[in-house]
Amino acid sequence: MPDETSYKEMFNALDAVRLATKGTRLYVNRELLLGYGKPDLISTRDSDRSRILGRISTSLNESQKNAVIHSVLSEDVMIIHGPPGTGKTTTLTEIVSQLVAEEKKILVSAPTNSACDLLVESISARGILVLRLGHPARINEIAIHSTLDYKLFHHPDGKLLNEYRKDVIEISKQAKKFKRNFGEKEREERKKLFTEVKELKKTIRSMEIGLIDSLVSSHPVIVSTPVASARGILENRTFDFCVLDESSQALEPAFWIPILKSDRVILAGDHKQLPPTLFSEKNYLETTLFEKAVENLESYGRVFLLDTQYRMKDEISAFPSKEFYSGLLKSGRSEKERKSNFPKTFPFLNAFQWIDTSGTDSEEVILDDSISNPFEADLQVRLCFLLKENDWPEDEITILSPYRAQVRLISEKLRDVGLTKINVSTIDSFQGRENRCILLGFVRSNLEGRSGFLKESRRINVGMTRARDLLLCIGDSSTLSQDPFLSKLIRFAEEKEVFRTAWEF
1 MPDETSYKEM
11 FNALDAVRLA
21 TKGTRLYVNR
31 ELLLGYGKPD
41 LISTRDSDRS
51 RILGRISTSL
61 NESQKNAVIH
71 SVLSEDVMII
81 HGPPGTGKTT
91 TLTEIVSQLV
101 AEEKKILVSA
111 PTNSACDLLV
121 ESISARGILV
131 LRLGHPARIN
141 EIAIHSTLDY
151 KLFHHPDGKL
161 LNEYRKDVIE
171 ISKQAKKFKR
181 NFGEKEREER
191 KKLFTEVKEL
201 KKTIRSMEIG
211 LIDSLVSSHP
221 VIVSTPVASA
231 RGILENRTFD
241 FCVLDESSQA
251 LEPAFWIPIL
261 KSDRVILAGD
271 HKQLPPTLFS
281 EKNYLETTLF
291 EKAVENLESY
301 GRVFLLDTQY
311 RMKDEISAFP
321 SKEFYSGLLK
331 SGRSEKERKS
341 NFPKTFPFLN
351 AFQWIDTSGT
361 DSEEVILDDS
371 ISNPFEADLQ
381 VRLCFLLKEN
391 DWPEDEITIL
401 SPYRAQVRLI
411 SEKLRDVGLT
421 KINVSTIDSF
431 QGRENRCILL
441 GFVRSNLEGR
451 SGFLKESRRI
461 NVGMTRARDL
471 LLCIGDSSTL
481 SQDPFLSKLI
491 RFAEEKEVFR
501 TAWEF
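Heads up: the sequence shown at position 273 corresponds to 273 in full-length UniProt numbering, and the numbers run straight through without jumps.
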């Protein structure tokens, strides 16, 4: 949850955006992102394209290359729409690499520390100097070598600073020592020591400011969360580009903070997945800046879809591609890996299966804070045993549920039977992650056909697209088919002949 200081920074950013004057970069970016202005065509001269193409990694597909070229040549705003498994991080890393080659200063930001750390790891792997800002306690070990604290500590001048700090402690101790005979001479001596401490502290502060300034200036790429970019050492700094990842999961006011500091803006995300969680009933921020930008700029050729997914087998990606991405997602997996190739003895011959619990003892239990379904939980445990008996590793299975109570119930049942390596999570918490096998439980089972927040189709998209090789959807079709979207999913399973009943297991 944002603290009071974070809210203050967001309000300050919104004020600055509101007061932006015509002719400034901020004014142009505001008008384009919010749909008040029309963008110019991006100049893509052959010489520019050739220069960038000559440096681009050959492992990128055409949609990724296209996004990279147009992002590097953009004079204002660019949007990258990255559906699940399409290599969004790879594409953003390539964009940063190309911008560094063009001698640009880049501010990279994402709404969570984990997303920032992932970008640091990916960009650093290309041999690019990255400075990661933020509290070390919140930064993952993979990014710790890029943090300001680490670089300060290991810098030659940083070591000198530490020596000075030790001197301050030692002299302060001497000055405070109790003396039995405390006369004029001792008073003067103590005064002299305190003056020395004061001067040393001034020297330390001056050196520290100079060293931090030098480190920031010498790093072409700075990575931080949006609010962290408002504070301290970046307060009065500007950048040629800001690259904003997971834009579809960020609160709009937060992302205006890095935009304020930048001439050009690159937003990356997927508005077909879950937006940030809001606790206000008014939901003024329900539509993210990314979603607004896509709606406003798509017709002007400023939205680039990454159209090749490398995660899911074709049977798994078919429904999400059709329903959320206009059927435009292609498979980047090899021909051998695209289709199910399970042995004939394997209990699931298709990578996508619907296991129906209607007509069984399936029944939801409404608790104070959540909902569970004991029958469905028992079925999922049986399915896990079945997978394990067929040599599927436990740690390559994840069970997802929309409800925390069901997550708790399944976790307890798995512990009781010794299946301790299987991960259980809510769908929302697992966004951005993946596993070979996903068991996606829908929990709801009632006579009234209530499906609760399963009505949010983007939650279903997230749940389904976490699976690489096997997706088992478990639910009560008689309840769920009352919802138009879920009814489509059930009909799809029936048409593909992957609809099975819980009685089989």
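Cβ atoms here follow ideal geometry from the backbone N, Cα and C, with glycine treated the same way.
Tell me the DSSP bridge mates of Asp-356? Asp-356 pairs with Gly-475 and Thr-501.
Whole alpha helix (DSSP H) elements within the segment 355 to 418, 4-residue minimum: 374 to 389 and 404 to 416
Output the distance between the C-alpha atoms of Leu-386 and Gln-380, rounded to the nearest integer angstrom. Rounded to the nearest whole angstrom, the CA to CA distance from Leu-386 to Gln-380 is 10 angstroms.
Separation of Ile-397 from Tyr-403, as counted between CA atoms: 18 angstroms
How is the beta strand (DSSP E) around Ala-453 delimited, first residue to last? Looking at the sequence shown, residue 453 is not Ala but Phe. Run containing Phe-453: none; DSSP gives neither H nor E here.
Nearest CA to the CA of Pro-156: which residue from Lys-104, Glu-189, Ile-212 and Lys-272? In terms of Cα proximity to Pro-156, the closest of Lys-104, Glu-189, Ile-212 and Lys-272 is Ile-212.
8 angstroms contact criterion, which Ala-254 and Met-78 should meet: CB distance rounded: Taking a contact as a CB-CB distance under 8 angstroms, the pair Ala-254 and Met-78 does not count as one, their CB atoms being some 20 angstroms apart.
For Met-312, which residues in the same chain have their Cβ closer than 7 angstroms to its Cβ, ignoring the five residues on either side in sequence? Gly-85, Thr-465, Ala-467 and Arg-468
Look up Ala-16 in the DSSP assignment and say whether it is helix, strand or coil. helix
Give the secondary structure of Ile-106 by DSSP, where H, G and I count as helix, E and B as strand, and everything else as coil. strand
Relative to the C-alpha of Gly-441, which candidate in Phe-375, Phe-153 and Leu-234 has its C-alpha closest? Phe-375
Starting from Leu-440, follow the alpha helix (DSSP H) in both directions and report where the run begins and ends. Here Leu-440 belongs to no alpha helix (DSSP H); instead the beta strand (DSSP E) covers 435 to 441.
Lys-330 - partner residues in DSSP beta bridges: Thr-308
Is Ile-144 helix, strand or coil when you go by DSSP? helix
Excluding the 5 residues preceding and the 5 following Phe-492 in the sequence, name in chain order all residues of the same chain whose CB lies nearer than 6 angstroms to its CB. Phe-319
C-beta contact flag for Phe-241 and Ile-106 at 8 angstroms: yes
Three Cβ pairs or more, each shorter than 8 angstroms: is that satisfied between the segment 108 to 116 and the segment 327 to 339? no
Pair every Cβ in the segment 477 to 487 with every Cβ in the segment 92 to 105, then say whether three or more of these pairs are closer than 8 angstroms. no
CA-CA distance, Val-407 and Val-443? 10 angstroms
Bounding residues of the alpha helix (DSSP H) (the contiguous stretch that carries His-271): Segment: none, His-271 is in no alpha helix (DSSP H) and carries neither H nor E.
In whole angstroms, what separates the C-alpha of Glu-494 from that of Ile-266? Inter-residue distance for Glu-494 and Ile-266 is about 41 angstroms (C-alpha atoms, whole angstroms).
Please say whether Leu-274 and Ala-16 have beta carbons closer to each other than 8 angstroms? no
Which of helix, strand or coil DSSP assigns to Phe-178: For Phe-178, the predicted structure reports a pLDDT of 48, less than 50, and the residue's modelled location is therefore unreliable. A value from the coordinates is still provided. Looking at Phe-178 - three-state DSSP - the assignment turns out to be coil, as it is neither helix nor strand.
Between Lys-22, Asn-236 and Leu-99, which lies nearest to Arg-55 when the distance is taken from Cα to Cα? Its Cα nearest to that of Arg-55, the residue Leu-99 stands out among Lys-22, Asn-236 and Leu-99.
Own chain, CB closer than 6 angstroms to Ser-321, minus 5 neighbours either side, in chain order: Correct list, in chain order: Gly-327 and Leu-329.
Using the rule of at least 16 other Cβ atoms within 10 Å of the residue's Cβ for burial, across every protein chain shown, is Phe-348 buried or exposed? buried
Considering only the alpha carbon of each residue, which of Glu-291, Ala-351 and Asp-369 lies closest to Glu-337? Ala-351
Measuring CA to CA, which of Phe-430, Ser-372, Gly-449 and Phe-346 is closest to Glu-389? Phe-346
Below 8 angstroms on the Cβ atoms is my contact criterion, and I expect Pro-39 with Asp-3 to pass it. Report the Cβ-Cβ distance as a whole number of Å. That belief does not hold up - the Cβ atoms of Pro-39 and Asp-3 are roughly 36 angstroms apart, past 8 angstroms.
Rounded to the nearest angstrom, what separates Ile-399 and Leu-439 at their Cα positions? 5 angstroms
Where residue 506 and Arg-237 are concerned, what is the direct C-alpha to C-alpha distance, given to the nearest angstrom? In this structure the chain extends from 1 to 505, so residue 506 is not present and cannot be described.
Compare the beta carbon distance of Thr-90 and Gln-64 with 8 angstroms and say whether it is the shorter of the two. In terms of Cβ geometry, Thr-90 and Gln-64 form a close pair [threshold 8 angstroms].
What does DSSP give as the partner residue(s) for Leu-244 in the beta ladder? Bridge partners of Leu-244 according to DSSP: Ser-109 and Leu-267.
C-alpha gap between His-154 and Leu-148, whole angstroms: 10 angstroms
Of the choices Leu-60, Ser-457, Arg-450 and Ser-218, whose alpha-carbon is the least far from that of Ile-427? Ser-457
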